[in-house]
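Step one of this worksheet: look at the structure below.
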Amino acid sequence: MKPEIATSPEDAQRQARQWLLRLNDAGGDVWLAAFQAWLAADPQHARAYAAVDALWQASALPAQRLAGEEGDALGAYLTAMDRPAPRRAQSNHRRWAYPLASAACLLLMLWAGGWWSPGHWLTDLSADYVSAPGEVREITLGDGSRLTLDADSAVAVSLDGEQRRVDLLRGAASFAVKHLPKPFVVRAGEGEARVLGTEFEVRRQGEQTRVTVAEGRVSVRGSHAAGMPEVVLGAGERVGIDGTRLGDAQPADAQAALAWRQGWLTFYRAPLGEVLERLGTYYPGRIVLLDSELAQRRVSGSFRSTDPQAALDSLQAVVGFHQQPLLGRFVLIR
Numbered sequence: 001m002k003p004e005i006a007t008s009p010e011d012a013q014r015q016a017r018q019w020l021l022r023l024n025d026a027g028g029d030v031w032l033a034a035f036q037a038w039l040a041a042d043p044q045h046a047r048a049y050a051a052v053d054a055l056w057q058a059s060a061l062p063a064q065r066l067a068g069e070e071g072d073a074l075g076a077y078l079t080a081m082d083r084p085a086p087r088r089a090q091s092n093h094r095r096w097a098y099p100l101a102s103a104a105c106l107l108l109m110l111w112a113g114g115w116w117s118p119g120h121w122l123t124d125l126s127a128d129y130v131s132a133p134g135e136v137r138e139i140t141l142g143d144g145s146r147l148t149l150d151a152d153s154a155v156a157v158s159l160d161g162e163q164r165r166v167d168l169l170r171g172a173a174s175f176a177v178k179h180l181p182k183p184f185v186v187r188a189g190e191g192e193a194r195v196l197g198t199e200f201e202v203r204r205q206g207e208q209t210r211v212t213v214a215e216g217r218v219s220v221r222g223s224h225a226a227g228m229p230e231v232v233l234g235a236g237e238r239v240g241i242d243g244t245r246l247g248d249a250q251p252a253d254a255q256a257a258l259a260w261r262q263g264w265l266t267f268y269r270a271p272l273g274e275v276l277e278r279l280g281t282y283y284p285g286r287i288v289l290l291d292s293e294l295a296q297r298r299v300s301g302s303f304r305s306t307d308p309q310a311a312l313d314s315l316q317a318v319v320g321f322h323q324q325p326l327l328g329r330f331v332l333i334r
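For the sequence shown, position 104 matches number 104 in full-length UniProt numbering, and the numbering has no gaps at all.
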């Protein structure tokens with residue numbers, strides 16, 4: 001891959017943040033050769049990367065300390081659970097102790113390795129705009145285009161050079177692109193959507209990226225894989241990119257897909273695991289689904305994103321799962 005050359009100190013800082021994120025991500029070793037080529041391409045690249053890396057190193061220790069404190073608190077909770085209970089309540093304690101201890105040990109791993117994972121810190125370090133869990137954020141870019149971030153999402157924006165570019169680092173965003181001669185490109189994972197003027201959404205879920213078009217036409221292709229075919233989407237169509245595999249264009253209800261901008265989360269025959277993952281970006285804590293078979297149950301419905309607990313209760317009434325609150329921060333679904 002040909003190294004990208006920075007055109008300004010700000011551009012070098014943005015590229016350096018992206019390289020830091022790539023190298024610290026799982027499988028970052030595959031980027032080492034390209035990273036070395038980028039460093040050698042311009043002296044300001046090395047200076048920018050050194051500054052960004054120093055900032056990251058300075059922030060890592062406080063994050064680890066905070067994760068340790070929270071982990072200690074959860075460990076104390078588990079110890080208290082294992083103390084002998086009064087005789088009258090002992091049978092009930094035995095009935096719940098082992099399942100809850102197993103679930104809580106899982107949560108301890110999630111807490112120490114997921115909630116404070118370097119990925120989120122690095123993503124936010126690389127981002128120009130970030131939305132908090134439960135927050136939908138509207139942004140007007142310098143070219144007049146409008147960007148709406150779904151909850152718990154992050155993007156990096158560059159309007160310089162030969163194209164207008166947005167990197168979707170996590171979550172989802174919708175775009176109302178102002179028509180200009182300079183193309184507007186959105187990169188997400190291994191996918192890239194390119195337009196001149198239109199309205200569409202790009203969403204990242206795990207290793208998959210999904211592009212849905214509400215108005216106009218969008219060209220979708222792989223951002224790094226050479227020779228990947230191109231798919232041109234029209235209004236009411238969507239396509240998914242799974243790793244380096246580009247799917248076929250499919251009909252889509254764009255109005256339902258973009259309903260989150262009006263405070264609604266709409267699903268049609270979606271796996272419960274996917275629904276809970278979306279709902280978790282609005283939930284004031286963490287939703288943990290412990291049953292893999294339950295995750296595959298198909299559900300449909302529309303839920304207010306401003307009341308995620310009511311959405312959970314509605315899903316519970318339909319699907320029949322059990323909710324177990326834990327430490328005021330987690331809810332176990334089983």
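Glycine is no exception: its CB is placed at the ideal position from the N, C-alpha and C atoms.
ask   = Excluding sequence positions up to five away, which residues of its chain have a Cβ less than 6 Å from the Cβ of I333?
value = Locating residue 333 in the sequence shown gives position 333, where the first residue counts as 1. Excluding sequence neighbours, I333 sits near L289 and F321.
ask   = Helix, strand or coil: how does DSSP classify G222 here?
value = The count along the sequence shown starts at 1 and reaches residue 222 at position 222. Note: G222 maps to strand in three-state DSSP.
Cβ neighbours of S8 in the same chain (closer than 8 Å, five flanking residues each side left out) = Residue 8 sits at position 8 when you count from the first residue of the sequence shown. If we look at S8 and ignore the five residues flanking it on each side, its Cβ neighbours are D160.
key: Buried versus exposed call for A12 [16 or more other C-beta atoms within 10 Å across all chains shown]   = Within the sequence shown, numbered from 1, the residue matching residue 12 stands at position 12. With 16 or more Cβ atoms within 10 Å of its Cβ, A12 is classed as buried.
query = Which same chain residues, not among the five before or five after A46, have their C-beta less than 8 Å away from its C-beta?
reply = Locating residue 46 in the sequence shown gives position 46, counting from the first residue. Correct list, in chain order: L39.
key: Proximity below 8 Å, CB of S153 to CB of G171   = What you label residue 153 is simply residue 153 of the sequence shown in a count that begins at 1. What you label residue 171 is simply residue 171 of the sequence shown in a count that begins at 1. The answer is yes: Cβ separation under 8 Å.
ask   = Can you tell me where the beta strand (DSSP E) with G247 in it begins and where it stops?
value = By 1-based counting over the sequence shown, the position of residue 247 is 247. No beta strand (DSSP E) holds G247; DSSP gives it neither H nor E.
inquiry  = Using CA atoms only, rank isn't needed, just tell me which of V202, T198 and R165 is closest to V185.
reply    = For the purposes of this step, residue 185 is identified with residue 185 of the sequence shown, where counting begins at 1. Checking every option, the nearest Cα to that of V185 belongs to R165.
task = Have a look at G285, F303 and T306 and flag the residue whose alpha-carbon is nearest the alpha-carbon of L327.
result = Here residue 327 refers to the residue found at position 327 when the sequence shown is read from its first residue. For L327, the nearest C-alpha among the options comes from G285.
request  = Taking all protein chains shown into account, decide if P325 is buried (16 or more other Cβ within 10 angstroms of its Cβ) or exposed.
outcome  = Stepping through the sequence shown from its first residue, residue 325 is reached at position 325. It is exposed - the Cβ of P325 has fewer than 16 other Cβ atoms within 10 Å.
query = From D143 to R194, what distance separates their C-alpha atoms?
reply = Counting from one through the sequence shown, the residue named residue 143 turns up at place 143. Counting from one through the sequence shown, the residue named residue 194 turns up at place 194. Using only the alpha carbons, I get a separation of about 16 Å.
ask   = Beta-carbon separation of G236 and A254 under 8 Å?
value = On the sequence shown, residue 236 is found 236 positions in, with the first residue counted as 1. On the sequence shown, residue 254 is found 254 positions in, with the first residue counted as 1. The answer is yes: Cβ separation under 8 Å.
CA-to-CA distance, S302 to Q323, given in whole angstroms = Taking the sequence shown and counting its residues from 1, one reaches residue 323 at position 323. Taking the sequence shown and counting its residues from 1, one reaches residue 302 at position 302. Cα to Cα, the separation comes out at about 20 Å.
Burial state of Q316 (16 or more Cβ within 10 Å) = The residue you call residue 316 lines up with position 316 of the sequence shown. Classification of Q316: exposed, given that the 10 Å Cβ count is below 16.
message = In this structure, how does DSSP classify L294 when only helix, strand and coil are distinguished?
response = Residue numbering aside, residue 294 sits at position 294 when the sequence shown is read from its first letter. DSSP places L294 in helix when its eight states are reduced to three.
key: Same chain, Cβ closer than 6 Å to E199, neighbours up to 5 away in sequence not counted   = Along the sequence shown, one-based indexing puts residue 199 at 199. Answer for E199: A176, A214 and E215, listed in chain order.
Boundaries of the alpha helix (DSSP H) in which D11 is found, first to last residue = Taking the sequence shown and counting its residues from 1, one reaches residue 11 at position 11. Run containing D11: P9 to N24, per the alpha helix (DSSP H) assignment.
inquiry  = Can you give me the C-alpha to C-alpha distance between E230 and P251, rounded to a whole angstrom?
reply    = Here residue 230 corresponds to residue number 230 of the sequence shown, with the count starting at 1. Here residue 251 corresponds to residue number 251 of the sequence shown, with the count starting at 1. Each residue's Cα considered, the two are about 17 Å apart.
ask   = What's the C-alpha gap between E190 and T209?
value = For the purposes of this step, residue 190 is identified with residue 190 of the sequence shown, where counting begins at 1. For the purposes of this step, residue 209 is identified with residue 209 of the sequence shown, where counting begins at 1. Taking the straight line joining both Cα atoms gives about 8 Å.
task = Could you tell me whether any non-hydrogen atom of the ligand GDP is closer than 7 Å to the CB of V195?
result = The model depicted lacks the ligand GDP and carries no ligand whatsoever.
query = Under a three-way DSSP split, which group does residue 405 fall into?
reply = No answer is possible for residue 405: the residues shown for the chain start at 1 and end at 334.
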